[in-house]
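As structure tokens, the structure follows; a few thoughts come after it.
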Amino acid sequence: MATAAPARPSFLDRLGSTSHAWVAAASVVLVVLMIVPVPPWVLDMLLSLNITVALIILLTALYTENALAFSVFPTLLLIVTLFRLSLNITGTRSILLHGYAGQVIEAFGNVVVGGNYAVGIVIFAILIVIQFVVITNGAGRVAEVAARFTLDAMPGKQLAVDADLNAGLITEAEARERRKNIQRAADFYGAMDGASKFVRGDAVAAVIIVFVNIIGGFVIGIFQQGMSIIEALQRFTLLTIGEGIVTQIPALLISTATGIIVTRAASEGSFGHDLSRQLVQEPRALLIASVLLVLFGFFGLPPVFMFPLAAALFWFAMRQFRAKKTAASAAAKGVAGQPGAPGVAGGAMNAPAVKPAESVVPLLSYDPMELEIGFGLIPLVDVSQGGDLLERITMIRRHAARDLGIVVPPIRVRDNLQLKPSTYVVKIYGLEVTRAEVMVSRVLAMNPGTATDGIDGIPTTEPAFGLPALWIAESARGDAEMAGYTVIDPTSVIATHLTEIIKTHSPDLLGRQETSALLDNVKQHYPVVVEELIPNLLTVGEVQRVLQNLLRERIPIRNLLLILENLADGARASKDIDYLTERVRAAMARHICAEYAENGLLSVITVDPRLETLLGEAVRRGEDAYALLDPGTVAKIYASLTKKIADAQQGGLHPIVLTSPGTRLALKRLTERAAPSLVVLSYSEIAPGLRVESIGQISTTEEALEPVGAGA
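For the sequence shown, counting from 1, position 252 maps to 254 in the numbering used here; every step adds exactly one.
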């Protein structure tokens, strides 16, 4: 079977591959022009090139639809301004040394102003006034205002991107691209605000150079070359005006292009690559410039320079026209359907168009966290209907970063017609973790224990904490609050539920990639700590497991620096994850106790010393720490623990169990199924100076406290 020949790179691709070399060479030439005298014919060629570049820039700006398509313009403006000043210096040197600066300047002095230096001065003054007062001043003002407005609008644009992302209207990749474009636009207009000052300074420099040339030429002509006053004035003034006009006309064109481009952000690659692709991307601009150069050659400018440049631009334009036509034809017909394609005998038949295979790779990925809502809950999301759930979700992610120390991935919100209208479902990596119902037209009233009067409503269960509640009419809110009820709107109910889900499932949301991002953030400010720990002592995965253990017991990891320093110290003794976790917990004693202590007092449930001894004997060290006890003993522990937890809750206290460091983890894992929210602390996690009060003790009968196999 015949194989298709590899596609040849386009002309712009080949030009861009060598752009670094010729841009560097051009930059060196700019410096050489200021230092080394050049023959008049070289100056003629460079002045012609200056006019050509100015025409292309102006026409490209006219055909450019937005600033991103010509993002290289601020840097290009600086380069062409420097090029023009180099030509000014070179022309001045030739005029003052030889009284001659080539055919282009001679033509502008004789043809454009008719050989009359007085007329030339007037025309030059008019050009300066137009450029400096009108175009440059206006373009600079537009660039300044555009830069200011773009920067002021950035927060709103970023929020709009976040809202679209949370609503599921765009993907994560599209959101990153939009944020990047917003930043590029701000950078572009900020650069244009500064670049417009180049043009203004160039206009001032042109005026100064003209006066210096006239005075210097007049003195040199009289005292060094023996000319008469009239002859010196005629000769050097005419050449100076010609040189000024030949450089100011391109400056005027580029100033106009500046004003055009700032009214319509930044480049993707190097300046040379973008310049080579963007400056010649529009064949119509090249064709018009080619025609204008031919006309210039016919009307007095040296044809020996104008015609070759016109031919070159015409050749560029034709290549671009053919390339666009070929691309459009290939897109319309398809390569497989073209006559004579490989594999079709004699080209007499058209091969059927082959539908490209659909990529199924995107179907393999899950959103880390999703919120699916029934169509009845859409008003909570729709901003036009007053919904602020998306804004609440953004606040939830911020609170999670501040309180837990993790970056919660974007929560994708989408409607699901298969759900009941008032139902919402929360998924983590595609798996449903909870579902609940809210009533959009009502508010939720909960009795905090102080309300005495009953109110009418629809009985329900508050989804976040499982507390009994009532859905009441909005009009009854005032009466319920007067009766002592806590009243919550539907959006707050969902937001509170999401917050608790994030706290509960934060270990699942913290993967290796997220851990690496947290470490990179610490490394920016404390590189020594991270470099000492990773990868010399621990891997990213091992650090992740320690952080997940902390989050699993709702210990914030925001003070990541303290955690990493203690991991670095502990990893030298052992790399056991449980050991490292307990060491970090001890170091975070103040953080842990600050979460549960009130007024310097920590109320705890202690553990009977005999039970601690039994747990210590029953603990087995392996992949996880666990206590192997017989079912009867475990039942007695659960019964005692349940009673003490109920007593603590009746007293308005959060149940906290205090035990020895050696048995803390085993007791936590033993009780987490019966009481998953139970806080288990060790003596080493009590902050210095904190008062501890015992409100009960977990214990069983000594006869029942026998480990499995104890009698063997």
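We put the CB at the ideal spot given by N, CA and C, even for glycine. Nothing here was measured: the structure is a model prediction, and the numbers come from that model.
Cβ-based neighbour list, SER605, same chain, cut-off 6 angstroms, excluding 5 preceding and 5 following:
Residue mapping note: residue 605 aligns to position 603 of the sequence shown, counting from 1. Contacts found: LEU655, GLU695, ILE697.
Could you tell me the boundaries of the beta strand (DSSP E) in which THR425 lies?
In the sequence shown, counting from the first residue as 1, residue 425 sits at position 423. Taken as a continuous stretch (DSSP letters only), the beta strand (DSSP E) holding THR425 covers 425-430.
For the alpha helix (DSSP H) that GLY572 lies in, which residues bound it at each end?
Start at 1 with the first residue of the sequence shown, and residue 572 comes out as number 570. Note, GLY572: alpha helix (DSSP H), 562-573.
Quick check on ALA453: does DSSP put it in helix, strand or coil?
Within the sequence shown, residue 453 is the residue found at index 451, counting from 1. Annotated three-state conformation of ALA453 is coil, per DSSP.
In whole angstroms, what separates the C-alpha of ALA575 from that of VAL636?
Position 573 of the sequence shown, counting from 1, holds the residue named residue 575. Position 634 of the sequence shown, counting from 1, holds the residue named residue 636. The straight-line gap from Cα to Cα measures roughly 33 angstroms.
Which residue wins for smallest C-alpha separation from LYS505, given the options MET308, THR541, HIS401, LYS646?
As a first step, residue 505 must be located in the sequence shown, where it is residue number 503. The residue among MET308, THR541, HIS401, LYS646 with its C-alpha nearest the C-alpha of LYS505 is HIS401.
Tell me which same chain residues have a C-beta within less than 8 angstroms of the C-beta of ARG86, skipping the five on either side of it?
The residue given as residue 86 occupies position 84 in the sequence shown. Here the set comprises ASN52, ASP204, THR249, PRO252, ALA253.
Whole-angstrom Cβ separation of LEU540 and ALA573, contact assumed at under 8 angstroms?
As a first step, residue 540 must be located in the sequence shown, where it is residue number 538. As a first step, residue 573 must be located in the sequence shown, where it is residue number 571. Going by Cβ atoms, the distance from LEU540 to ALA573 rounds to 5 angstroms, so yes, they are a contact pair.
Could you pull out every unbroken alpha helix (DSSP H) segment of at least 4 residues lying fully inside the segment 274-330, listed in chain order?
As far as the segment 274-330 is concerned, its whole alpha helix (DSSP H) runs of at least 4 residues are 285-300.
Cα-Cα separation, ASP46 to GLN185:
Within the sequence shown, residue 46 is the residue found at index 44, counting from 1. Within the sequence shown, residue 185 is the residue found at index 183, counting from 1. Approximately 42 angstroms between the Cα atoms of the pair.
DSSP on MET47, reduced to helix/strand/coil?
If you number the sequence shown from 1, residue 47 lands on position 45. Secondary structure of MET47 (DSSP, three-state): helix.
Check whether PHE2 and SER331 have beta carbons under 8 angstroms apart
A question about residue 2 goes unanswered here, because the residues of the chain that appear run from 3 up to 714.
Backbone secondary structure at VAL445 - three-state DSSP
Locating residue 445 in the sequence shown gives position 443, where the first residue counts as 1. DSSP places VAL445 in strand when its eight states are reduced to three.
Exposed or buried, which one is THR702 when buried takes at least 16 other CB atoms within 10 Å?
To locate residue 702, count along the sequence shown from 1; it is residue 700. Residue burial is scored here from C-beta neighbours: THR702 has at least 16 other C-beta atoms within 10 angstroms and is therefore classed as buried.
Suppose you measure from the CA of MET194 to the CA of LEU78; what does that come to, to the nearest Å?
For this step, residue 194 is matched to residue 192 along the sequence shown. For this step, residue 78 is matched to residue 76 along the sequence shown. Their Cα atoms are separated by approximately 11 angstroms.
Going by the beta-carbon positions, is the gap between GLY302 and PHE309 smaller than 8 angstroms?
Taking the sequence shown and counting its residues from 1, one reaches residue 302 at position 300. Taking the sequence shown and counting its residues from 1, one reaches residue 309 at position 307. It is not a contact, given that the beta carbons lie outside the stated cut-off.
Quick check on PRO633: does DSSP put it in helix, strand or coil?
Translated into positions along the sequence shown, residue 633 becomes position 631. For PRO633, the secondary structure class from DSSP, reduced to helix, strand or coil, is helix.
C-beta contact flag for VAL489 and VAL445 at 8 angstroms:
For the purposes of this step, residue 489 is taken as the residue at position 487 of the sequence shown. For the purposes of this step, residue 445 is taken as the residue at position 443 of the sequence shown. Yes. Within cutoff.
If you draw a straight line from the alpha carbon of THR242 to that of SER50, how long is it in whole angstroms?
As a first step, residue 242 must be located in the sequence shown, where it is residue number 240. As a first step, residue 50 must be located in the sequence shown, where it is residue number 48. Counting only the Cα atoms, SER50 lies some 17 angstroms from THR242.
Ordered along the chain, which non-local residues of its own chain (more than five positions away) have a Cβ less than 7 angstroms from that of ALA482?
On the sequence shown, residue 482 is found 480 positions in, with the first residue counted as 1. Within the same chain, Cβ atoms closer than 7 angstroms to the Cβ of ALA482 are found at ALA447, ILE457, ILE474, VAL489, the five residues on either side in sequence being excluded.
I need the DSSP call for MET590, collapsed to helix, strand or coil.
By one-based count along the sequence shown, residue 590 stands at place 588. Reduced to three states, the DSSP call for MET590 is coil.
What three-state label does DSSP hand GLU464 in the structure shown?
For the purposes of this step, residue 464 is taken as the residue at position 462 of the sequence shown. Of the three classes helix, strand and coil, the one that applies to GLU464 here is coil, per DSSP.
Bounding residues of the beta strand (DSSP E) (the contiguous stretch that carries GLY698):
The sequence position of residue 698 within the sequence shown is 696, counting from 1. Taken as a continuous stretch (DSSP letters only), the beta strand (DSSP E) holding GLY698 covers 693-700.
Which value, in whole angstroms, describes the spacing of the CA atoms of SER508 and ILE375?
For the purposes of this step, residue 508 is taken as the residue at position 506 of the sequence shown. For the purposes of this step, residue 375 is taken as the residue at position 373 of the sequence shown. Approximately 22 angstroms between the Cα atoms of the pair.
GLN340 to ALA325 span [Cα, whole Å]
By one-based count along the sequence shown, residue 340 stands at place 338. By one-based count along the sequence shown, residue 325 stands at place 323. With a pLDDT of 44 at GLN340, under the threshold of 50, the predicted position of this residue should be treated as unreliable, though the coordinate-derived value follows. Going from the Cα of GLN340 to the Cα of ALA325 covers about 17 angstroms.
Sheet register partners of ASP417 (DSSP bridge):
Stepping through the sequence shown from its first residue, residue 417 is reached at position 415. ILE375, per the DSSP bridge assignment.
Taking DSSP as the reference, what is the three-state secondary structure of ILE647?
Working through the sequence shown from its first residue, we reach residue 647 at position 645. Looking at ILE647 - three-state DSSP - the assignment turns out to be helix.
In terms of DSSP beta bridges, what is ARG437 paired with?
The sequence position of residue 437 within the sequence shown is 435, counting from 1. Its beta-bridge partners are VAL427.
First and last residue of the uninterrupted alpha helix (DSSP H) at LEU512:
What you label residue 512 is simply residue 510 of the sequence shown in a count that begins at 1. For LEU512, no alpha helix (DSSP H) run applies, since DSSP gives it neither H nor E.
Can you tell me which of LEU500, MET484, ARG547 puts its alpha carbon nearest to the alpha carbon of GLY513?
Stepping through the sequence shown from its first residue, residue 513 is reached at position 511. Closest by alpha carbon: ARG547.
How would you label PHE75, buried or exposed, when you count the other beta carbons within 10 angstroms and need 16 or more for buried?
Counting from one through the sequence shown, the residue named residue 75 turns up at place 73. By the neighbour-count criterion, in which a residue is buried when 16 or more other Cβ atoms sit within 10 angstroms of its Cβ, PHE75 is buried.
Buried or exposed: LEU683, going by 16 or more other Cβ atoms within 10 Å of its Cβ?
In the sequence shown, counting from the first residue as 1, residue 683 sits at position 681. In this structure LEU683 is buried. Its beta-carbon is surrounded by 16 or more other beta-carbon atoms within 10 angstroms.
Thinking just about the alpha-carbon of each residue, which of ILE557, ASN568, ARG437, GLU614 is nearest to the one in HIS593?
Here residue 593 refers to the residue found at position 591 when the sequence shown is read from its first residue. Closest option to HIS593, Cα to Cα, is ILE557.
Rounded C-beta distance between THR608 and LEU660? I'm assuming under 8 angstroms.
For the purposes of this step, residue 608 is identified with residue 606 of the sequence shown, where counting begins at 1. For the purposes of this step, residue 660 is identified with residue 658 of the sequence shown, where counting begins at 1. The distance from the Cβ of THR608 to that of LEU660 is about 5 angstroms, consistent with a contact at the 8 angstroms cut-off.
Between the Cα of CYS595 and those of LEU616, LEU692, THR452, spot the shortest distance and give me the residue it belongs to.
Reading the sequence shown from its first residue, position 593 is the one you call residue 595. The residue among LEU616, LEU692, THR452 with its C-alpha nearest the C-alpha of CYS595 is LEU692.
Tell me which residue opens and which closes the alpha helix (DSSP H) that PRO381 is part of.
As a working mapping, residue 381 is identified with position 379 in the sequence shown. For PRO381, the uninterrupted alpha helix (DSSP H) segment begins and ends at 380-383.
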